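Undergrad: Numbering (this note's numbering), first residue to last: 2 to 165.
Written out as structure tokens, the structure is:
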């Protein structure tokens, strides 16, 4: 199954307006004002692999900032759940709540009813250039997969430096 069937590298990333942990809304357009963005879609707060992934991004956060970009996580859970989980993990970046899954669906990564985590975002990464073009897409083939963090970082660096 092609899990990201609607978007490809070079596509314009769909804008969104999603609640942050404090319920205030944040748009992709606003995030892109300061440079490229790495969108990290995760299926669930409190899940083991999700926690490993988030703490890895937390620990490598300075590298992503130095590369010229911002990290933002997105899942289909509530802002309150994301706030508590983010605080528990000491995350220096936001977790946005796509509670109805509409944004995940627009990105082509909303899992269906028959999946391992029904109506959640599949674990995936999108790097988006300041002009809104997608320069990198990774979508997990199975729930236990983690992204290649170094590959994401290198792509972000190339994107920020205008090589992609």
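Every residue, glycine too, gets a C-beta built ideally from N, C-alpha and C. The structure displayed is predicted, hence computed values, not measured ones.
#1: Assign residue 146 to one of two classes, buried (16 or more other C-beta atoms within 10 Å of its C-beta) or exposed (fewer than that).
#2: Determine the burial state of residue 81: buried for a count of at least 16 other Cβ atoms within 10 Å of its Cβ, exposed for fewer.
#3: What are the complete alpha helix (DSSP H) segments, minimum 4 residues, inside the region 49-73?
#4: Determine the extent of the beta strand (DSSP E) in which residue 139 is found, giving its start and end residues.
#5: Could you tell me whether the region 48-58 touches the region 133-140, using the rule of 3 or more Cβ pairs below 8 Å?
#6: Since residue 28 sits in a beta bridge, which residues does DSSP pair it with?
#7: Do you know how far the Cα of residue 114 is from the Cα of residue 160?
#8: The alpha helix (DSSP H) with residue 155 in it runs from where to where?
#9: Short check: CB of residue 90 to CB of residue 57, under 8 Å?
TA: Answer, in terms of the structure:
#1: Burial check for residue 146: the Cβ neighbour count within 10 Å stays below 16, so the residue is exposed.
#2: Classification of residue 81: exposed, given that the 10 Å Cβ count is below 16.
#3: Considered as a whole, the region 49-73 harbours 49-60, 62-67 as its complete alpha helix (DSSP H) runs of no fewer than 4 residues, in chain order.
#4: Unbroken beta strand (DSSP E) run through residue 139: 135-140.
#5: Taking a cut-off of 8 Å for Cβ pairs, the region 48-58 and the region 133-140 do not touch, as fewer than three such pairs fall below it.
#6: For residue 28, which the question treats as bridged, DSSP gives the partners 18.
#7: Cα-Cα distance, rounded: 35 Å.
#8: Counting along the chain, the alpha helix (DSSP H) containing residue 155 begins and ends at 150-161.
#9: Cβ atoms of residue 90 and residue 57: not closer than 8 Å.
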